[in-house]
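Using our numbering, the first residue of the sequence shown is number 13, and each one after it goes up by one.
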Amino acid sequence: MSCSETEKLSTILIISPHTKVRLNENPTEGVESRVSSIAGILAGKDREVIVLEPSDLKKEDDQGNIIREYFYAFDFIKIKNMRLGSYFLSLNPFYQSKLFKILKKYSPSIILVSQPWGLFSTWLIAKKIFGLKSFIIQDSHNVEKEYAKIISKDKSIPAFIKLFYIVTIGWIEKLALRYADCTLAISWENKRKFVEEYRVYPEKIRVLPPLINYSSYPKRRKGALKRDKSQILAVFHGIYRTVQNREAIDIIVRELVPKLKQYKNFKFIIFGKGVPKIERDNLYSLGFVENVYSTLQECDIAVVPLISGEGVKLKMLDYMVVGLPIVTTKKGAEGLELVNGKHAIIVDDVDEEFIRAVENLIKNPKARKKLGYHANKLVKMHYNNEKVKIGNPLKGGEVL
Numbered sequence: 013m014s015c016s017e018t019e020k021l022s023t024i025l026i027i028s029p030h031t032k033v034r035l036n037e038n039p040t041e042g043v044e045s046r047v048s049s050i051a052g053i054l055a056g057k058d059r060e061v062i063v064l065e066p067s068d069l070k071k072e073d074d075q076g077n078i079i080r081e082y083f084y085a086f087d088f089i090k091i092k093n094m095r096l097g098s099y100f101l102s103l104n105p106f107y108q109s110k111l112f113k114i115l116k117k118y119s120p121s122i123i124l125v126s127q128p129w130g131l132f133s134t135w136l137i138a139k140k141i142f143g144l145k146s147f148i149i150q151d152s153h154n155v156e157k158e159y160a161k162i163i164s165k166d167k168s169i170p171a172f173i174k175l176f177y178i179v180t181i182g183w184i185e186k187l188a189l190r191y192a193d194c195t196l197a198i199s200w201e202n203k204r205k206f207v208e209e210y211r212v213y214p215e216k217i218r219v220l221p222p223l224i225n226y227s228s229y230p231k232r233r234k235g236a237l238k239r240d241k242s243q244i245l246a247v248f249h250g251i252y253r254t255v256q257n258r259e260a261i262d263i264i265v266r267e268l269v270p271k272l273k274q275y276k277n278f279k280f281i282i283f284g285k286g287v288p289k290i291e292r293d294n295l296y297s298l299g300f301v302e303n304v305y306s307t308l309q310e311c312d313i314a315v316v317p318l319i320s321g322e323g324v325k326l327k328m329l330d331y332m333v334v335g336l337p338i339v340t341t342k343k344g345a346e347g348l349e350l351v352n353g354k355h356a357i358i359v360d361d362v363d364e365e366f367i368r369a370v371e372n373l374i375k376n377p378k379a380r381k382k383l384g385y386h387a388n389k390l391v392k393m394h395y396n397n398e399k400v401k402i403g404n405p406l407k408g409g410e411v412l
């Protein structure tokens with residue numbers, strides 16, 4: 013079976029070793045959003061869907077139209093903020109035991125593994141031990157070997173863990189690409205890197221861009237933030253533990269806030285899991301926010317000063333969904349079909365040009381409205397999972 017031959021999807025097993033699959037609620041982070049979107053596409057009519065995820069993510073209200081199973085992931089030890097038993101998924105006896113039971117009971121026709129961890133052992137158990145003809149898909153959020161270069165700069169991670177991660181991730185990713193029947197790349201650039209770095213056959217890689225369930229996003233609702241009507245709010249959000257988000261927040265605090273303080277009606281809002289609470293004249297940190305989109309809807313400009321990162325930055329879709337005008341760098345816009353000046357203001361680096369772009373949007377409400385309109389239109393047309401062929405999302409070279 014090839015990457016474009018997945019016509020009969022009856023029972024589907026989705027393995028998410030790192031994050032929770034959310035079908036009836038909005039995801040809270042990038043990887044979670046990615047796997048949840050694909051799960052939502054695959055969980056079509058007359059399909060039995062089983063989700064296998066770490067036991068510490070179990071919720072009492074985990075219901076819905078899918079079957080949930082859990083494995084113990086040694087969550088008290090973390091490598092690159094990942095549970096020890098998730099990173100070493102192929103060696104985790106609790107995962108293997110649960111996988112045996114699921115395969116024996118359900119014999120899934122498709123197995124989707126989020127990211128490369130554990131794919132080789134999943135292939136070994138499903139195809140060599142059980143003799144199943146399951147079509148195994150790896151969904152990649154980025155090129156992990158490239159992301160390792162970013163991890164190497166993270167001073168919060170002990171040196172021996174960084175070294176271990178950098179040494180092992182290439183082998184883990186290579187095995188996943190070798191034994192997956194199909195790998196989903198989040199962008200054409202990532203596909204190119206997979207082919208060049210690992211010499212994998214191009215036809216085994218399909219590009220599935222980041223997707224959002226547009227119809228599930230809340231309509232505009234005022235009141236998430238207390239604000240003066242004349243105030244202009246610029247926003248950035250993201251999980252603080254990642255290097256690229258910490259860098260961006262540091263740039264906002266140390267560079268952008270001082271240089272834009274002359275605009276008395278202008279204020280920065282930053283938030284996300286682990287973001288420290290800060291309050292200054294023109295900066296306010298909310299920390300963790302439960303309802304991301306209600307908060308974003310209250311803002312006027314998205315300022316995204318990313319200088320590192322790998323793959324598509326899914327926070328960009330969050331801003332586009334609510335129609336925010338965006339000022340970002342080429343790194344922030346990476347992998348998205350954004351036209352500079354139409355869908356976003358895109359500059360090379362966080363420099364004086366970046367500052368001028370923000371200033372222009374502060375002064376020009378018509379420009380804000382126009383950029384936001386085109387960004388929202390783009391996300392509805394090109395990144396909406398309702399545009400994906402639900403019956404066969406992997407058929408052919410095009411998925412939209």
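A virtual CB, placed ideally from N, CA and C, is assigned to each residue, including glycine.
Per the C-alpha coordinates, the member of I281, A55, I137 and P128 positioned closest to N294 is I281. I313 sits buried, since 16 or more C-beta atoms from the chains shown fall within 10 Å of its C-beta.
Nearest C-alpha to M328 among A387, I62, A188 and I198: A387.
Around the Cβ of I141, a 10 Å sphere holds fewer than 16 other Cβ atoms; the residue is exposed. In the DSSP annotation of this structure, R218 is not part of any alpha helix (DSSP H); the continuous beta strand (DSSP E) holding it starts and ends at I217 to V219.
Each residue's CA atom was taken as its position, placing V339 and P270 some 18 Å apart. Inter-residue distance for F83 and W129 is about 14 Å (C-alpha atoms, whole angstroms).
It is roughly 21 Å from the alpha-carbon of P170 to the alpha-carbon of I184. For S126, the enclosing beta strand (DSSP E) has its first and last residue at I122 to S126. For I184, the enclosing alpha helix (DSSP H) stretches over residues A171 to Y191. Our two residues, R253 and G344, have alpha carbons roughly 18 Å apart in a direct line.
With contacts defined by Cβ atoms closer than 8 Å, V333 and I162 do not form a contacting pair. Take the alpha-carbon of E65 and the one of G347: they are about 28 Å apart. Considering only S297, V125, L350 and I53, the residue with the shortest C-alpha distance to Y191 is V125. Each of S45, I178 and V255 was checked against the Cα of A160, and the nearest Cα belongs to I178.
Within the DSSP bridge table, the entry for A356 names N352 as partners. Taken atom to atom, the span from the alpha-carbon of K145 to that of P221 is near 27 Å.
Residue pairing of N397 in beta bridges, as defined by DSSP: absent, with no partner found. Our two residues, S48 and Q274, have alpha carbons roughly 42 Å apart in a direct line.
For E302, the three-state secondary structure derived from DSSP is coil. Short of 7 Å from the beta carbon of N277, and not among the five residues preceding or following it, lie these beta carbons of its own chain, in chain order: S242, Q243 and I244. K279 sits in a strand when the DSSP states are folded into three classes. Between E158 and K205, the CB-CB gap stays under 8 Å.
Looking at the DSSP output, F248 bridges to I282. In this structure, I123 keeps its C-beta atom at 8 Å or more from the C-beta atom of E81.
Following the DSSP letters along the chain, one finds T134 inside the alpha helix (DSSP H) bounded by residues L131 to W135.
The Cβ neighbour count for I357, taken over all protein chains shown within 10 Å, is at least 16; the residue is labelled buried. At the C-beta level, S297 and V304 stay beyond 8 Å of one another.
Of the other Cβ atoms in all chains shown, 16 or more fall within 10 Å of the Cβ of Y395; this residue is therefore buried. Distance from I367 to V315 at the Cβ level is roughly 10 Å; contact not present, criterion being Cβ atoms closer than 8 Å.
Out of G42, P29, K375 and K139, the CA that lies nearest to the CA of F100 is found in P29.
K32 sits buried, since 16 or more C-beta atoms from the chains shown fall within 10 Å of its C-beta. Annotation for F147: the continuous beta strand (DSSP E) segment containing it runs F147 to D151. Inter-residue distance for I251 and K285 is about 5 Å (C-alpha atoms, whole angstroms). Its chain contains I313, L373, R380, L383 and G384 as the residues whose beta carbon lies nearer than 6 Å to that of P337, once the 5 sequence neighbours on both sides are disregarded; these appear in chain order.
Annotated three-state conformation of S98 is helix, per DSSP.
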